[in-house]
Structures are given as structure tokens and as C-alpha cells.
Amino acid sequence: MPFVRIDALHADSARLDALGRAVHDALVETIGIPDDDRFQVLVGHDGTHSTIRYGDYLGVRRDDGIVFVAITMRSGRGPDRKRALYRRIAELAHAYAGTEPRNVFVTVTENASVDWSLGDGVAQYAPSAEPVVDG
Amino acid sequence: MPFVRIDALHADSARLDALGRAVHDALVETIGIPDDDRFQVLVGHDGTHSTIRYGDYLGVRRDDGIVFVAITMRSGRGPDRKRALYRRIAELAHAYAGTEPRNVFVTVTENASVDWSLGDGVAQYAPSAEPVVDG
Amino acid sequence: MPFVRIDALHADSARLDALGRAVHDALVETIGIPDDDRFQVLVGHDGTHSTIRYGDYLGVRRDDGIVFVAITMRSGRGPDRKRALYRRIAELAHAYAGTEPRNVFVTVTENASVDWSLGDGVAQYAPSAEPVVDG
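This is the structure:
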């Protein structure tokens, strides 16, 4: 279910892959999603046709190694679960991709069960009460 | 009003166009938006500089034909309307772009009327009560 | 805190930069964020590998100069603040990038304090009640 966008500067294919695995493994470990529940858009920006801007807000010294992780998921995960997720993303981004924890920027946006269709034109998390008649 | 992002792998210009039309026509038919209420970002990923990851979650057999459709719209559409939307997107993505319904992944994120400015620096859905005095 | 995505057609590096500054300065002036609180993804679409679609909804005459600005921020800003933000984005996009106000399309999506990790794997806006013990 989580739908994840990851944006990084000058990231080659291997780095994008490592970042994607880091975020996914962190979600599996802390939020408890199944391993095959992975839906990600991974984008490396060349700094010309598309790029990233960042500041040192809150005294965090960021640099071009910055990674934006935007997670859309259903509401229902409590604060402690989210804190564990952030910590684990930072740990695994460092372990898998060499990304410094200071460069890991995560946002979560929540929606409802009926806001997901995971294929076949059906709202799997909020099925209709009535039987569906095909044709 | 809906603001739509569509991400697909190895999609050429014609396929992106077909996918964009599929989602738009489905919104017009099921949500009742006007035909000119179309705002979309259509992105084809080359698999190297940017890419997509997916799994077979919920037993749906996805492949590289997968299409992510992320819709932002105002809250207020009920569950049945959303279910009709998902079904119609899957139907039209198949009809227009040859995309298998199993490969159509849709998320909806909702916001409020005041969260939209559709041009001219104005919140068209939530105009100010007071007359605006230009400086 | 605001996390901003800007999408434009055929935008070169200088135009992306100008648009990013316009949105950021507008946020600083109207929402009151610090100057170093800047987190943006700026994307120029070539019209082939990725592109934008738009209509003349609400009678606004848009053209290929259209700019989509998608802002994610914490809830709490009232309607007047948001209206001021939209107005200022349109003004500064015109001043900095020559973008016509009719071509400035803004959406806001809100979340909660605990939905942000601005680096170091921590939820800076919603710190845990207990002291964190490093392992």
C-alpha cells in the first residue's frame, strides 16, 4: 500500500535502487507491510532539466546527497510507529546507499482505505457491500 | 480540479497521451468534472535515470506495463463514486493504451476547497468574503 | 517544512531556478517560514519523455507556459494566509520568471507534525516524550 516517491540528485541506477530498497525494508520492518507491497517511483535529477533545492533548516547541514522520500499511506499508524520508520529509513539509507542521515528528508501523507485501487479497477481495501455484476 | 500524476515505464509520447486521456475521460464520466478541467503531469521513466518498483501484493500479477495514477482532488466524493472511477480508469487505460487492468494502480489524496488556486493567484473554490482591493 | 514540487514545460535551468525562488519567497513572506526552510523538486518536461496536459477550466486561458506548484505542508494555515500565498506566488512567478498569473496552478496538501522527518531519522516537529537512547 504505501506509494513512495524518492527524489535524489545525480543518482545513478544503482543508487536509486539502494535508496528504494532502504525505504522499502524500513517500511516492512517498522510498519509491517508485506515484502511484495512495494510501489515506488525513483527519480534521479540531473541538476539541469530537473533539480532539487534545499536549505539548512533546523541546523541540519544538508548537501547534494539529499534524498526526498514522500510516502503516501493509509491513516492509522501512530506517532511511535512513524518515528521508528524515520529512524530506520535513515539507518538503511546509510547502510545501503551511503546516504548521511542528515540528508534523509521524509514526508508522510495519509488517505483512507477507499482511496486505493491496487489493480483490476477495484478498491481492494474498501470493497463494495454489493456483489459486483460484470458485463 | 483534479490534479493528476501518471508514471509509467518505457512509455513513449503516444502511450503517455493515451493514459492521460484514459484517466481524464474516466474522471469526466464518473466524477462529473468538466472536459476542460484537466491538469496532468505524465512521466515516462527510462528505467535508468528514473524508474519504478512494484511487487505482486494482494496476488495481482503486475509487470513493467504498470501505471501509477496519483489523483489529488477536493474531498466530497463518496466510496461508490471512487469505485466507479477506478473501474473506469482501468477500462479506458485498456481501451486507449492497451494497459492490462492488473497494471493500473491508483491513489487518491484529498484536500479542501481553499487548497486550490487554478490561476491568477486566486483561490477560485474559496473566494474571500471581502472585495479584493488591488494595490 | 513545506515540501514543494514544481512542474513546467520546456523550462531550462534558469527558469526552474526562478520559479523555485518565486514560490519560496512567497512562502517566506506569507506563511512566515524561515529562509533556509526550502525543500523543492523542480522539473522541466520536454513534452516527449514527460509532459503536461491542461485545459481552460473556469475560463482561464492557459498555455504551454503553465506551471504546476504542489505544496505539502502541515495543517494550520487559515484561508486568508493561503489566499495571500497564492497571490504572492503568482506575482513573484511573473516578476522572476515572466510567467503569466493565469498560468500559475497551485495545490496544497496538508499533513500533521508527526508526518515530517527533516533529517537524522527524527520527527523534529513531534519529538518523542522519552529521551532517545542511542545504541
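Chains as they are written, first to last, in this note's numbering: chain R, 1 to 135; chain B, 1001 to 1135; chain Z, 2001 to 2135. Just so it is clear, CB atoms sit at the ideal spot from N, CA and C, and this is done for glycine as well.
Chain R residues whose Cβ lies nearer than 7 Å to that of residue i
i: residue 2122 (chain Z); result: 86
i: residue 2114 (chain Z); result: 79 and 82
i: residue 2075 (chain Z); result: Neighbours of residue 2075 (chain Z) on chain R: none; closest Cβ ~11 Å, over 7 Å.
i: residue 2126 (chain Z); result: 79
i: residue 1048 (chain B); result: 13
Cβ neighbour criterion (16 or more within 10 Å) applied to residue i
i: residue 2048 (chain Z); result: exposed
i: residue 1014 (chain B); result: exposed
i: residue 1087 (chain B); result: buried
i: residue 2016 (chain Z); result: buried
i: residue 2083 (chain Z); result: buried
i: residue 1127 (chain B); result: exposed
8 Å Cβ cutoff met for residue i and residue j
i: residue 2085 (chain Z); j: residue 2031 (chain Z); result: yes
i: residue 1096 (chain B); j: residue 1011 (chain B); result: no
i: residue 2045 (chain Z); j: residue 2009 (chain Z); result: yes
i: residue 1072 (chain B); j: residue 2109 (chain Z); result: yes
i: residue 2077 (chain Z); j: residue 54 (chain R); result: no
i: residue 2070 (chain Z); j: residue 2099 (chain Z); result: no
i: residue 1105 (chain B); j: residue 42 (chain R); result: no
For residue i, the first and last residue of its enclosing beta strand (DSSP E)
i: residue 24 (chain R); result: No beta strand (DSSP E) contains residue 24 (chain R), which is instead part of the alpha helix (DSSP H) from 13 to 30.
i: residue 2110 (chain Z); result: 2104 to 2111
i: residue 124 (chain R); result: It is not in any beta strand (DSSP E) - residue 124 (chain R) carries neither H nor E in the DSSP assignment.
i: residue 1048 (chain B); result: Premise fails: residue 1048 (chain B) is in no beta strand (DSSP E) and is neither H nor E.
i: residue 5 (chain R); result: 3 to 9
i: residue 66 (chain R); result: Taken as a continuous stretch (DSSP letters only), residue 66 (chain R) belongs to no beta strand (DSSP E), as it is neither H nor E.
Alpha-carbon to alpha-carbon, residue j and residue i
i: residue 1123 (chain B); j: residue 2089 (chain Z); result: 12 Å
i: residue 1075 (chain B); j: residue 2001 (chain Z); result: 24 Å
i: residue 120 (chain R); j: residue 1116 (chain B); result: 31 Å
i: residue 26 (chain R); j: residue 2058 (chain Z); result: 44 Å
i: residue 135 (chain R); j: residue 1091 (chain B); result: Note that residue 135 (chain R) scores 43 on pLDDT, short of 50, meaning its location in the model is unreliable and no value can be drawn from it.
i: residue 1125 (chain B); j: residue 1067 (chain B); result: 30 Å
i: residue 60 (chain R); j: residue 102 (chain R); result: 6 Å
i: residue 34 (chain R); j: residue 24 (chain R); result: 10 Å
i: residue 1036 (chain B); j: residue 1004 (chain B); result: 14 Å
i: residue 1094 (chain B); j: residue 1064 (chain B); result: 15 Å
i: residue 1029 (chain B); j: residue 113 (chain R); result: 22 Å
i: residue 56 (chain R); j: residue 62 (chain R); result: 6 Å
i: residue 1040 (chain B); j: residue 2111 (chain Z); result: 23 Å
i: residue 1081 (chain B); j: residue 2079 (chain Z); result: 28 Å
Closer than 9 Å at the beta carbon, the chain R residues around residue i
i: residue 2108 (chain Z); result: Those within 9 Å of residue 2108 (chain Z) in chain R number zero; the least Cβ separation is about 12 Å.
i: residue 2020 (chain Z); result: 51 and 53
Delimiting residues of the alpha helix (DSSP H) encompassing residue i
i: residue 1084 (chain B); result: 1079 to 1097
Residue i: contacting residues in chain Z (beta-carbon distance under 9 Å)
i: residue 1072 (chain B); result: 2070, 2107 and 2109
i: residue 60 (chain R); result: 2118, 2119, 2120 and 2124
Contacts of residue i in chain Z (Cβ-Cβ under 7 Å)
i: residue 1034 (chain B); result: 2057
Amino acids of chain B, ordered along the chain, whose beta-carbon sits closer than 8 Å to that of residue i
i: residue 64 (chain R); result: None at all; the shortest Cβ gap to chain B is about 16 Å.
Contacts that residue i makes with chain A (C-beta to C-beta distance below 8 Å)
i: residue 1037 (chain B); result: Considering every chain present, this structure includes no chain A. Its protein chains are R, B and Z.
Interface partners of residue i on chain R, CB under 8 Å
i: residue 1002 (chain B); result: Going along chain R, no residue has its Cβ under 8 Å from residue 1002 (chain B), so there is no contact; the nearest lies around 13 Å.
Proximal residues of chain B, C-beta to C-beta of residue i below 7 Å
i: residue 2007 (chain Z); result: 1041
i: residue 2029 (chain Z); result: Residues of chain B passing the Cβ test: none, with the nearest at roughly 13 Å.
i: residue 2090 (chain Z); result: 1120 and 1121
i: residue 44 (chain R); result: 1049 and 1050
Where residue i meets chain Z, residues with beta-carbon distance less than 8 Å
i: residue 104 (chain R); result: 2117, 2119, 2120 and 2121
Closer than 7 Å: residue i CB and nearest the ligand PLP heavy atom
i: residue 2072 (chain Z); result: As presented, the structure is devoid of all ligands, the ligand PLP included, so that no description of it is given.
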